[in-house]
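Have a look at the structure below before the remarks.
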Amino acid sequence: MNPAQAEPPPLPANAPAGAGAAVRPASERLGWLARRLLLLLLGAALVALTGAGVYQHSYDQGEHSLKAATNSRLDLFATVVEARVRRLEPVPATIQLNPAVLALLRAPDPARERAANDYLSRLNAHLGSVAVYVLDVRGVVLASSNVAERDDSLLGEDVSYRPYYLEALAGRSTRHFAIGSGGQAGYFASHPIYDGPRVLGVAAIKIGLDALEQTWPMLAAPALVADANQVVILSSQPAWRYTSMAPLPPERRVDLQLTQTYGALRLPQFPIDVRLSVDEDTQEVQGFVSGEEARYREALGAGSNRAGHLVLGRSLDGMDWRVLIFTSLSEVRDQALADGVGGAMTAAFLILLALYWSQRRRIERQKLAAKRLLEQVNADLERQVGLRTQELTDTNEQLRREVAERQQTEQTLRSAQDELVHAGKMAVLGQLAASITHELTQPLGGIRTLAGNAAEFMRRGNHAAAQENLSIVARLVEQMARIIDPLKSFSRKSSASPGATDVGRVVEQALFLYQLRVRHDQVRVDNRCAPGQWSAWCDANRLEQVLVNLVGNALDAMRDADPRVLTLSAERREVAGVPMVALEVRDSGKGLSETDQQRLFEPFYTTKPSGAGLGLGLAICRDLAAEFGGDLQAHNHPAGGACFVLTVPVGPAPDTAKDTPSR
0 MNPAQAEPPP LPANAPAGAG AAVRPASERL GWLARRLLLL LLGAALVALT GAGVYQHSYD
60 QGEHSLKAAT NSRLDLFATV VEARVRRLEP VPATIQLNPA VLALLRAPDP ARERAANDYL
120 SRLNAHLGSV AVYVLDVRGV VLASSNVAER DDSLLGEDVS YRPYYLEALA GRSTRHFAIG
180 SGGQAGYFAS HPIYDGPRVL GVAAIKIGLD ALEQTWPMLA APALVADANQ VVILSSQPAW
240 RYTSMAPLPP ERRVDLQLTQ TYGALRLPQF PIDVRLSVDE DTQEVQGFVS GEEARYREAL
300 GAGSNRAGHL VLGRSLDGMD WRVLIFTSLS EVRDQALADG VGGAMTAAFL ILLALYWSQR
360 RRIERQKLAA KRLLEQVNAD LERQVGLRTQ ELTDTNEQLR REVAERQQTE QTLRSAQDEL
420 VHAGKMAVLG QLAASITHEL TQPLGGIRTL AGNAAEFMRR GNHAAAQENL SIVARLVEQM
480 ARIIDPLKSF SRKSSASPGA TDVGRVVEQA LFLYQLRVRH DQVRVDNRCA PGQWSAWCDA
540 NRLEQVLVNL VGNALDAMRD ADPRVLTLSA ERREVAGVPM VALEVRDSGK GLSETDQQRL
600 FEPFYTTKPS GAGLGLGLAI CRDLAAEFGG DLQAHNHPAG GACFVLTVPV GPAPDTAKDT
660 PSR
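Counting from 0, one number per residue, gives the positions in the sequence shown under numbering that gives the first Met the number 0.
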């Protein structure tokens with residue numbers, strides 16, 4: 000109740016004409032209206048403050064949870080990077096232990112060069128790296144693991160300009176990112192080769208980064224890896240690669256060109272202005288990217304997202320690399336908005352409840368005052384009014400009881416209907432149990448065999464083969480999930496919740512439940528209801544149950560037919576001026592008899608053999624259609640077979656309707 004619209008207390012019934020003007024002058028009435036307006040403004044302010052407080056609290060909680068989840072993914076990514084890249088860093092220090100390498104550096108000749116090349120080739124094949132090199136003190140490559148690959152071999156080339164050579168020649172182990180002379184990026188690690196106290200040469204290994212490209216899906220968001228120069232060397236967004244996240248001084252650009260760290264690339268500026276803060280103790284990085292500017296949304300591929308992105312990152316231990324992930328805050332903002340609106344609505348409800356209670360108490364006081372006045376005027380009239388009031392009270396109480404009983408009866412009927420709908424689902428799933436078991440047996444057998452093979456490969460140290468077997472296991476599990484997920488959503492008991500529903504999607508789901516039976520019975524399905532073409536306003540789960548019942552009845556009707564053709568189509572119709580989607584399910588069976596057409600929708604009437612059905616399916620389907628505001632009719636098609644027509648109110652246009660929710 001709006002206090003600004005409330006009327007002043009009424010005058011007593013026996014007040015003389017004109018008393019209102021005498022008792023309530025214009026100034027007093029204006030004051031009364033001003034107080035009501037002030038209360039209205041205070042209530043609106045309280046509602047707004049409550050909504051804002053709930054929104055901020057929900058946003059903070061959501062952002063905290065998002066940070067925790069993102070940090071967990073970053074920890075996993077950092078572990079993968081270190082496992083795939085850093086595990087090969089100690090290899091250059093072991094190369095000097097090979098006599099063929101030392102002999103080549105002491106006195107180069109073709110025979111010693113072939114021996115060293117053979118050793119490096121075998122070492123590289125065992126490690127899975129890109130290449131392994133041995134350089135002399137002048138920076139010339141004397142031996143290479145990929146000498147057989149003429150296009151990528153550095154044998155005989157002078158790479159003395161490379162930082163990994165210069166640092167190792169000075170007696171220090173080094174590692175850094177660079178683009179090789181062949182244009183392939185890699186992670187280079189080097190170590191000096193000693194002959195006693197003297198540095199005789201340099202051993203270097205190039206580690207490929209292609210395997211890291213497969214780890215982007217685990218981050219589930221745009222991400223990048225930047226090196227010590229703050230240049231993006233790896234990214235899930237191809238446009239971000241080899242861009243500089245911070246301006247490079249001219250002298251630094253000259254050094255990078257001289258060492259050809261990034262080849263001939265010009266290193267443009269990173270497309271997003273990200274302001275980052277770094278925790279010096281934990282080396283954790285945090286920042287924020289606003290979603291208001293269109294160029295940022297385009298760079299992040301975020302479409303219409305204006306909530307911005309949370310930027311989290313961390314430095315990888317011992318690599319001078321930094322990984323950053325851009326996580327969208329749209330879900331956090333949407334949830335906070337929903338919570339804020341809910342809090343505001345709750346506050347508004349409590350205020351309205353308080354106003355209602357205050358108004359009710361005022362009315363009660365007015366009734367008591369009027370009652371006392373009437374008692375003073377006429378005691379007999381007061382008794383008559385009391386009797387009449389008691390009669391009306393009894394009548395109202397009787398009406399309330401009747402209304403409550405009717406509501407209880409309707410609730411009981413609706414609960415019984417829900418139980419029957421659920422029982423129908425369970426019956427369909429029971430019929431499909433054997434076929435589902437057959438479909439799952441083969442993937443399970445394959446998983447058992449592949450898991451055993453993977454364990455044996457792991458025992459032998461053949462991790463690549465084990466990983467390949469586990470990948471096949473994952474695909475088989477996904478295949479089983481695609482079979483089981485629709486069955487889980489179909490079997491779930493749920494109450495009706497109407498909304499915009501894609502009719503074609505629901506038809507596909509209903510047909511999916513019978514796909515094994517359709518193949519077994521050799522039924523040709525002519526489905527003319529494409530997803531996205533028709534939108535209806537109804538509960539998707541209930542609509543699916545109706546279609547499952549109609550399709551199951553059609554398959555039963557065609558058990559002895561030849562050919563067996565199931566046709567599903569839809570069209571728009573006007574029913575009593577209301578736009579409807581008319582969904583037609585037609586079979587090629589023998590059709591309906593005259594008795595069937597008259598009694599088809601009667602409870603417990605069935606054309607199936609004894610024990611094959613209760614005769615409740617079509618009656619429940621018609622009730623469900625009526626809940627949608629539609630209807631279910633049946634007739635024989637002129638071309639033969641039975642035809643059931645389900646009409647459902649039209650929903651929003653297909654391009655604006657939401658997809659049928661995954662239940």
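In this text, a Cβ means the ideal position worked out from N, Cα and C, and glycines have one as well.
A Cβ-Cβ contact shorter than 8 Å links residue 231 with residue 244. Annotated three-state conformation of residue 643 is strand, per DSSP. Counted as a single uninterrupted DSSP element, the alpha helix (DSSP H) harbouring residue 344 occupies residues 329–376.
Beta-bridge annotation (DSSP): residue 501 is paired with 534. C-alpha of residue 370 to C-alpha of residue 380: approximately 11 Å in a straight line.
With 16 or more other Cβ atoms inside 10 Å of its own Cβ, residue 557 counts as buried. Note on residue 91: 16 or more other CB atoms within 10 angstroms of its CB, so buried under the neighbour-count rule.
For residue 635, the pairing in a beta bridge is given by DSSP as 641.
Restricting attention to beta strand (DSSP E) runs no shorter than 3 residues, the segment 155–185 encloses them at 173–178, ordered along the chain. For residue 234, the enclosing beta strand (DSSP E) has its first and last residue at 231–234. Given a length threshold of 4 residues, each whole run of the alpha helix (DSSP H) inside the segment 58–134 is given here in chain order: 90–94, 98–105, 109–126. Shown here, residue 153 sits in coil according to DSSP, grouped into three states, outside any helix or strand. Residue nearest to residue 222 within the set 186, 323, 276 is 323 (criterion: CA-CA distance). Here residue 585 is actually not in contact with residue 634; their C-beta atoms are around 10 Å apart, not less than 8 Å. Residue nearest to residue 134 within the set 49, 247, 107, 383 is 107 (criterion: CA-CA distance). Residue 77 and residue 315 do touch by the CB rule: their CB atoms are close to 6 Å apart, below 8 Å. As DSSP reads the structure, residue 383 sits in no beta bridge. Scanning the segment 508–560 for uninterrupted alpha helix (DSSP H) segments of 4 residues or longer gives 514–520, 539–556, listed from N- to C-terminal end.
The segment 342–359 and the segment 41–51 touch, with no fewer than 3 CB-CB distances between them shorter than 8 Å. Sequence-distant Cβ neighbours of residue 450 in its own chain, meaning closer than 7 Å and more than five residues away, are 472.
For residue 171, the number of other beta carbons within 10 angstroms of its own is below 16, and it is reported as exposed. Straight across, the Cα-Cα distance linking residue 258 with residue 162 is about 7 Å. Taking a contact as a CB-CB distance under 8 Å, the pair residue 152 and residue 123 does not count as one, their CB atoms being some 12 Å apart. With contacts defined as CB atoms closer than 8 Å, residue 310 and residue 275 qualify as a contacting pair. Distance from the CA of residue 554 to the CA of residue 590, rounded to the nearest whole angstrom, comes to 12 Å. Here DSSP, grouped into helix, strand and coil, assigns residue 326 to strand.
Taking C-beta atoms under 8 Å as the contact rule, residue 131 and residue 192 fail to qualify, at a distance of about 12 Å. In this structure, DSSP gives residue 244 a state outside helix and strand, which the three-state scheme calls coil. Under the DSSP assignment, residue 619 falls in the alpha helix (DSSP H) whose first and last residues are 616–627. Distance from the CA atom of residue 320 to the CA atom of residue 452, rounded to whole angstroms, is 37 Å. Taking C-beta atoms as the reference points, residue 73 and residue 312 count as a pair closer than 8 Å. Straight-line measurement puts the Cα of residue 570 at about 51 Å from the Cα of residue 45. Looking at the DSSP output, residue 320 bridges to 315.
By the Cβ-count criterion, residue 190 is buried, with 16 or more other Cβ atoms from all chains shown falling within 10 Å of its own Cβ.
A check of alpha carbon separations from residue 283 across 579, 138, 537, 71 identifies 71 as the nearest.
For residue 45, DSSP assigns no beta-bridge partner whatsoever.
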